Amino acid sequence: MSRIGNAFNNKKAFIAFLTAGDPDYETSLANFKAVIEAGADLIEVGIPFSDPIAEGPVIQEADIRALSSGMTTDKVFQLVKDLRKDYDLPIVFMTYANPVYHYGADKFFKNASEAGADGIIIPDCPFEERGEFEDSAAKYGMDFISMIAPTSEDRIKTIAAQAKGFIYVVSSLGVTGVRSSITTDLDSIIKLIKEATDTPAAIGFGISTPEQAATMSKKADGVIVGSAMVRIVAQYGKEAPAKLSEYVKSIKNAV
Amino acid sequence: MSEILENAVKGRFGEFGGQYIPETLMNEIHKLEAAYEHYKNDPEFVAELDKLNREYAGRPSLLYYASKMTRDLGGAKIYLKREDLNHTGSHKINNVLGQVLLAKKMGKTRVIAETGAGQHGVATATAAALMDMECEIFMGEEDTIRQSLNVYRMELLGAKVHAVKTGTKVLKDAVNEAMREWTSRVDDTLYVLGSVMGPHPFPTIVRDFQSVISKESRAQILEAEGKLPDVVIACVGGGSNAIGSFYEYIKDEEVKLIGCEAAGLGVDNPKNAATMANGSMGIFHGMKSLFCQDEYGQIAPVYSISAGLDYPGIGPEHAYLASIGRAQYVPITDEEAVRAFEYLSKTEGIIPAIESSHAVAHVMKIAPNMPKDSIIVCTISGRGDKDVAAIARYRGVEIYE
Numbered sequence: 001m002s003r004i005g006n007a008f009n010n011k012k013a014f015i016a017f018l019t020a021g022d023p024d025y026e027t028s029l030a031n032f033k034a035v036i037e038a039g040a041d042l043i044e045v046g047i048p049f050s051d052p053i054a055e056g057p058v059i060q061e062a063d064i065r066a067l068s069s070g071m072t073t074d075k076v077f078q079l080v081k082d083l084r085k086d087y088d089l090p091i092v093f094m095t096y097a098n099p100v101y102h103y104g105a106d107k108f109f110k111n112a113s114e115a116g117a118d119g120i121i122i123p124d125c126p127f128e129e130r131g132e133f134e135d136s137a138a139k140y141g142m143d144f145i146s147m148i149a150p151t152s153e154d155r156i157k158t159i160a161a162q163a164k165g166f167i168y169v170v171s172s173l174g175v176t177g178v179r180s181s182i183t184t185d186l187d188s189i190i191k192l193i194k195e196a197t198d199t200p201a202a203i204g205f206g207i208s209t210p211e212q213a214a215t216m217s218k219k220a221d222g223v224i225v226g227s228a229m230v231r232i233v234a235q236y237g238k239e240a241p242a243k244l245s246e247y248v249k250s251i252k253n254a255v
Numbered sequence: 001m002s003e004i005l006e007n008a009v010k011g012r013f014g015e016f017g018g019q020y021i022p023e024t025l026m027n028e029i030h031k032l033e034a035a036y037e038h039y040k041n042d043p044e045f046v047a048e049l050d051k052l053n054r055e056y057a058g059r060p061s062l063l064y065y066a067s068k069m070t071r072d073l074g075g076a077k078i079y080l081k082r083e084d085l086n087h088t089g090s091h092k093i094n095n096v097l098g099q100v101l102l103a104k105k106m107g108k109t110r111v112i113a114e115t116g117a118g119q120h121g122v123a124t125a126t127a128a129a130l131m132d133m134e135c136e137i138f139m140g141e142e143d144t145i146r147q148s149l150n151v152y153r154m155e156l157l158g159a160k161v162h163a164v165k166t167g168t169k170v171l172k173d174a175v176n177e178a179m180r181e182w183t184s185r186v187d188d189t190l191y192v193l194g195s196v197m198g199p200h201p202f203p204t205i206v207r208d209f210q211s212v213i214s215k216e217s218r219a220q221i222l223e224a225e226g227k228l229p230d231v232v233i234a235c236v237g238g239g240s241n242a243i244g245s246f247y248e249y250i251k252d253e254e255v256k257l258i259g260c261e262a263a264g265l266g267v268d269n270p271k272n273a274a275t276m277a278n279g280s281m282g283i284f285h286g287m288k289s290l291f292c293q294d295e296y297g298q299i300a301p302v303y304s305i306s307a308g309l310d311y312p313g314i315g316p317e318h319a320y321l322a323s324i325g326r327a328q329y330v331p332i333t334d335e336e337a338v339r340a341f342e343y344l345s346k347t348e349g350i351i352p353a354i355e356s357s358h359a360v361a362h363v364m365k366i367a368p369n370m371p372k373d374s375i376i377v378c379t380i381s382g383r384g385d386k387d388v389a390a391i392a393r394y395r396g397v398e399i400y401e
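Those protein sequence lines, which keep their order, are chains B and C.
So for the first sequence, the numbering used here puts the first residue at 1; every next one is plus one.
So for the second sequence, the numbering used here puts the first residue at 1; every next one is plus one.
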């Protein structure tokens with residue numbers, strides 16, 4: 001089992017997302033450290049992209065802040081290397097097809113793996129197109145993480161059966177961002193996943209409050225929080241690490 | 001060339017194309033593909049669309065022999081395929097009548113679309129009004145300013161227009177926002193894509209609906225001249241009027257196909273949108289194709305005087321036709337396009353869209369050097385009324401619409 005499995009060992013995993021380089025390299029590194037110290041089980045490191053079509057406004061703005069500060073894919077790899085000096089928790093990248101493809105898939109996964117990352121999530125690369133990246137990822141021991149959406153229906157079992165690392169279950173229609181309520185029948189989706197695989201499933205999109213995290217963690221093996229944390233980064237700037245730490249602890253206690 | 005057709009069926013044009021979109025949309029896009037495969041061969045659908053094309057859009061569009069322009073340039077005989085005479089004033093109606101009719105057959109009650117210059121938005125709003133569909137249009141904020149008349153036109157037709165304030169606030173960002181909207185509401189909604197881009201099956205669907213242009217022009221030129229043209233020219237942004245203008249000639253290998261892309265202030269100036277000249281391989285907006293981007297794959301801001309060609313990518317079938325050498329793509333600057341805009345207006349009394357003026361500009365370059373018995377067919381993809389105020393401003397005349 002890869003390092004990713006450790007996040008789910010005998011516990012519900014809390015997966016934390018932040019955009020790398022938001023608002024600048026040093027603050028971003030401090031933010032990731034604060035989140036890890038506060039108890040995140042797995043971190044998702046967003047490689048900023050100019051046109052993130054699966055993101056709502058909060059993460060779109062984070063990507064713009066990061067790119068404006070001069071963040072590049074190579075600097076994101078450096079950030080992971082810096083984190084690896086102190087931490088052994090699983091780390092996965094989250095980015096779009098083009099930054100990986102244009103960098104060169106083989107070179108990307110080689111450098112990503114050397115930096116210490118364990119997997120990748122590419123929301124605009126569905127099951128049908130996974131051949132574009134899956135083999136290069138596997139060659140360097142990185143898991144290509146699959147997503148399952150409320151509209152996946154007959155696709156759920158097929159996707160789940162070949163899933164690696166963990167399965168990212170998209171809670172709702174639409175893009176990332178805080179939601180007041182989640183109405184998808186997630187229990188049925190998780191049930192179908194569990195019939196097809198032992199790979200853990202974590203729910204993301206729209207989770208922001210400890211109450212939501214508690215509800216979702218009862219349904220699945222983990223919860224993913226992104227926009228709510230990115231909002232803290234946007235609001236508090238250099239003071240964000242302390243605020244993130246507080247927030248992560250509140251979610252961690254809930255799951 | 002049968003290979004081209006075969007590849008299209010699988011959603012790939014050589015290595016270009018594909019379906020790079022979020023999982024949330026995958027079942028919907030498969031449903032769309034299945035519905036299209038069914039209805040394109042359904043006699044009732046075909047007859048209905050044909051009737052709309054004839055009785056509503058005004059097809060077939062004229063193939064006009066531009067005798068004054070021909071005489072003035074002193075070389076090849078120049079024919080203009082007059083898509084500007086279609087209802088709503090551009091070729092965009094060809095595609096939307098097909099797609100909105102398809103949406104209706106699929107049981108959808110709402111359509112959404114992106115627009116650059118506003119031509120596709122206006123066409124979609126028109127078809128939605130005709131077929132009783134709810135309609136929402138996404139348009140970059142910058143484009144809502146430079147094409148404000150079209151915004152009001154869409155609203156007049158009953159559509160809701162969203163000014164997109166994210167990113168570079170132009171066509172690319174309008175596509176991002178329309179895709180985001182589609183992921184939030186698929187059940188009753190079809191995203192009516194306006195160009196031969198995006199994930200499969202859109203490049204194929206849009207191409208098929210637009211190929212009426214070359215189906216007609218090929219028959220019309222054979223009727224008028226008894227032979228095929230030497231050159232077919234059209235402007236290219238995403239590439240829908242160009243692929244429509246080229247498609248029926250692809251198998252006629254002696255016919256040269258030329259697409260004219262927007263070079264803005266020049267291909268060596270950062271302010272351009274010349275994807276073929278400056279782009280590199282990438283995956284974006286659902287497709288693998290050529291894109292203007294930096295070394296890390298960040299999509300580059302692009303610029304053109306034409307809001308309709310102001311796009312950092314190109315449809316996958318064009319990238320394929322270029323890669324096998326079947327079609328050729330040339331950059332045309334703002335200044336060249338504006339001069340062509342003025343030239344066609346004065347010479348033939350036809351005010352072309354600033355997009356189409358890019359194609360006219362290339363005709364002006366090559367026609368004088370071609371023999372008198374050779375033939376150019378140039379597509380005038382839209383009419384230029386929408387551009388008059390912007391061109392006046394370009395020439396230093398302040399006009400208030």
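We put the beta carbon where it would ideally sit given N, CA and C, even for glycine.
On a predicted model such as this, the values are computed, not experimentally measured, just so you know.
Worksheet item: Skipping 5 residues on each side, what residues in its chain have a beta carbon closer than 6 Å to that of residue 200(B)?
Response: For this step, residue 200(B) is matched to residue 200 along the first sequence. Only 8, 166 and 221 meet the Cβ criterion.
Worksheet item: Smallest Cα separation from residue 81(B): which of 190(B), 45(B), 105(B) and 137(B)?
Response: Residue mapping note: residue 81(B) aligns to position 81 of the first sequence, counting from 1. Out of 190(B), 45(B), 105(B) and 137(B), 45(B) has the C-alpha closest to the C-alpha of residue 81(B).
Fill in: Cβ neighbours of residue 8(C) in the same chain (closer than 6 Å, five flanking residues each side left out)
Counting from one through the second sequence, the residue named residue 8(C) turns up at place 8. Unreliable placement is indicated for residue 8(C), whose pLDDT of 45 sits below 50; no coordinate value is reported for it.
Fill in: Backbone CA spacing between residue 93(C) and residue 307(C) [nearest angstrom]
The count along the second sequence starts at 1 and reaches residue 93(C) at position 93. The count along the second sequence starts at 1 and reaches residue 307(C) at position 307. Going from the Cα of residue 93(C) to the Cα of residue 307(C) covers about 18 Å.
Fill in: Under 9 Å by beta carbon: chain B residues contacting residue 299(C)
Along the second sequence, one-based indexing puts residue 299(C) at 299. Residues of chain B passing the Cβ test: 49, 50, 51 and 98.
Worksheet entry | Inter-residue spacing [alpha-carbon to alpha-carbon] between residue 322(C) and residue 328(C) | In the second sequence, the residue the question calls residue 322(C) occupies position 322. In the second sequence, the residue the question calls residue 328(C) occupies position 328. Approximately 6 Å, taken between the alpha carbons.
Fill in: Beta-carbon proximity of residue 169(B) to residue 192(B), cut-off 8 Å
The residue given as residue 169(B) occupies position 169 in the first sequence. The residue given as residue 192(B) occupies position 192 in the first sequence. No; because the gap between Cβ atoms is not below 8 Å, this pair is not in contact.
Worksheet item: Going by C-alpha distance, which of 243(B), 254(B), 138(B) and 255(B) is nearest residue 34(B)?
Response: As a working mapping, residue 34(B) is identified with position 34 in the first sequence. Cα-wise, what sits closest to residue 34(B) is 243(B).
Practice prompt. Could you pull out every residue in the same chain whose Cβ sits closer than 6 Å to the Cβ of residue 159(C), ignoring the five residues on either side in sequence?
Written response: In the second sequence, residue 159(C) corresponds to position 159, counting from 1. Within the same chain, residue 159(C) has close Cβ partners 125, 135 and 137.
Worksheet item: In whole angstroms, what separates the C-alpha of residue 68(C) from that of residue 348(C)?
Response: Here residue 68(C) is taken as the residue at index 68 of the second sequence, counted from 1. Here residue 348(C) is taken as the residue at index 348 of the second sequence, counted from 1. Distance between the alpha carbons of residue 68(C) and residue 348(C): 7 Å.
Worksheet item: Applying the criterion that 16 or more other CB atoms from any shown protein chain within 10 Å of the CB defines a buried residue, is residue 71(C) buried or exposed?
Response: Residue mapping note: residue 71(C) aligns to position 71 of the second sequence, counting from 1. The residue is exposed, with fewer than 16 neighbouring Cβ atoms inside 10 Å.
Worksheet item: Apart from the five residues just before and just after residue 283(C), which ones in its own chain have a Cβ nearer than 7 Å to its Cβ?
Response: Within the second sequence, residue 283(C) is the residue found at index 283, counting from 1. Result list for residue 283(C): 20, in chain order.
Item to complete: Pick out the complete alpha helix (DSSP H) segments inside the stretch 135 to 194 of chain B, 4 residues or longer, and give them in chain order.
Response: 156 to 161
Practice prompt. Could you say if the stretch 87 to 97 of chain B and the stretch 303 to 319 of chain C meet the contact criterion of at least three C-beta pairs nearer than 8 Å?
Written response: no
Worksheet item: According to the neighbour-count rule (16 or more other Cβ atoms, all chains shown, within 10 Å of its Cβ), is residue 156(C) buried or exposed?
Response: Taking the first residue of the second sequence as position 1, residue 156(C) is located at position 156. So residue 156(C) counts as exposed.
Worksheet item: residue 239(C) to residue 157(B), Cα distance in whole Å?
Response: As a working mapping, residue 239(C) is identified with position 239 in the second sequence. As a working mapping, residue 157(B) is identified with position 157 in the first sequence. The straight-line gap from Cα to Cα measures roughly 38 Å.
Discussion item. Any beta carbon of chain C sitting closer than 8 Å to that of residue 43(B)?
Written reply: Your numbering for residue 43(B) matches position 43 in the first sequence. No, no contact with chain C.
Worksheet entry | Contact set for residue 99(B): own chain, Cβ-Cβ below 7 Å, skip 5 residues either direction | Position 99 of the first sequence holds residue 99(B). Once the five neighbours on either side are set aside, the close Cβ partners of residue 99(B) are 47, 49 and 73.
Worksheet entry | Rounded C-alpha distance that separates residue 216(B) from residue 41(B) | Along the first sequence, read from residue 1 onward, the residue named residue 216(B) stands at position 216. Along the first sequence, read from residue 1 onward, the residue named residue 41(B) stands at position 41. If you take the alpha carbons of residue 216(B) and residue 41(B), they lie about 16 Å apart.
Item to complete: Would you identify the three-state DSSP class for residue 9(C), choosing helix, strand or coil?
Response: Reading the second sequence from its first residue, position 9 is the one you call residue 9(C). Residue placement at residue 9(C) cannot be trusted, given a pLDDT of 45 that sits under 50; the coordinates are not used to answer.
Worksheet item: Which chain B residues sit within Cβ distance under 7 Å of residue 136(C)?
Response: Taking the second sequence and counting its residues from 1, the one referred to as residue 136(C) is at position 136. The contacting residues do not exist; residue 136(C) stays about 15 Å from chain B at best.
Item to complete: May I have a chain-ordered list of the alpha helix (DSSP H) segments no shorter than 4 residues that lie completely inside the stretch 112 to 146 of chain C?
Response: 119 to 130 and 141 to 146
Fill in: Proximity of residue 164(B) and residue 189(B) at Cβ, strictly below 8 Å
Working through the first sequence from its first residue, we reach residue 164(B) at position 164. Working through the first sequence from its first residue, we reach residue 189(B) at position 189. No. Outside cutoff.
Worksheet item: How many whole angstroms separate the CB atoms of residue 57(C) and residue 97(C), which I take to be in contact at a CB cut-off of 8 Å?
Response: In the second sequence, counting from the first residue as 1, residue 57(C) sits at position 57. In the second sequence, counting from the first residue as 1, residue 97(C) sits at position 97. Confirmed, about 6 Å.
Discussion item. Just to make sure I have the definition right: I need the residues of chain C whose C-beta is within less than 7 Å of the C-beta of residue 124(B). Which are they?
Written reply: The residue you call residue 124(B) lines up with position 124 of the first sequence. Think of a sphere of 7 Å around the beta carbon of residue 124(B): the chain C residues whose beta carbon falls inside it are 20, 21 and 22, in chain order.
Worksheet item: Hey, how far is the Cα of residue 364(C) from the Cα of residue 335(C)?
Response: The count along the second sequence starts at 1 and reaches residue 364(C) at position 364. The count along the second sequence starts at 1 and reaches residue 335(C) at position 335. Their Cα atoms are separated by approximately 13 Å.
Worksheet item: To the nearest whole angstrom, what separates the beta carbons of residue 143(C) and residue 116(C), a pair I think is in contact under 8 Å?
Response: Here residue 143(C) corresponds to residue number 143 of the second sequence, with the count starting at 1. Here residue 116(C) corresponds to residue number 116 of the second sequence, with the count starting at 1. That pair is a contact at about 6 Å.
Worksheet entry | Spatial neighbours of residue 28(C) in its chain, beta-carbon cut-off 7 Å, leaving aside the 5 residues before and after | Taking the second sequence and counting its residues from 1, one reaches residue 28(C) at position 28. Closer than 7 Å at the Cβ level, and outside the excluded window around residue 28(C), lie 186.
Worksheet item: For residue 168(C), is the classification buried or exposed, using 16 other Cβ atoms within 10 angstroms of its Cβ as the cut-off for buried?
Response: What you label residue 168(C) is simply residue 168 of the second sequence in a count that begins at 1. Looking at its Cβ environment, which holds 16 or more other Cβ atoms inside 10 Å, residue 168(C) is buried.
Item to complete: Can you grab the Cα-Cα spacing for the pair residue 237(C) / residue 380(C), in whole Å?
Response: The residue labelled residue 237(C) in the question sits at position 237 within the second sequence. The residue labelled residue 380(C) in the question sits at position 380 within the second sequence. Between the C-alpha atoms of residue 237(C) and residue 380(C) there is a straight-line separation of about 14 Å.
Worksheet item: Taking 8 Å as the CB-CB cut-off, is residue 29(B) touching chain C?
Response: The residue given as residue 29(B) occupies position 29 in the first sequence. Chain C, which has no Cβ nearer than 8 Å to the Cβ of residue 29(B), makes this no.
Worksheet item: In whole angstroms, what separates the C-alpha of residue 162(B) from that of residue 180(B)?
Response: Residue mapping note: residue 162(B) aligns to position 162 of the first sequence, counting from 1. Residue mapping note: residue 180(B) aligns to position 180 of the first sequence, counting from 1. Taking the straight line from one Cα to the other gives about 33 Å.
Fill in: 8 Å contact criterion, which residue 150(B) and residue 184(B) should meet: CB distance rounded
Counted from its first residue, the first sequence places residue 150(B) at position 150. Counted from its first residue, the first sequence places residue 184(B) at position 184. So it is a contact: roughly 4 Å between Cβ atoms.
Worksheet item: In three-state terms, what does DSSP make of residue 403(C)?
Response: Since the first residue of chain C shown is 1 and the last is 401, residue 403(C) is not available in this structure.
Worksheet entry | Among 263(C), 297(C), 44(C) and 166(C), the one whose alpha carbon lies nearest that of residue 102(B) | As a working note, residue 102(B) is residue 102 in the first sequence. Selected option, being the one with the closest Cα: 297(C).
Item to complete: Kindly provide the ranges of any beta strand (DSSP E) runs that are 3 or more residues long and lie completely inside the stretch 68 to 101 of chain B, ordered along the chain.
Response: 91 to 94
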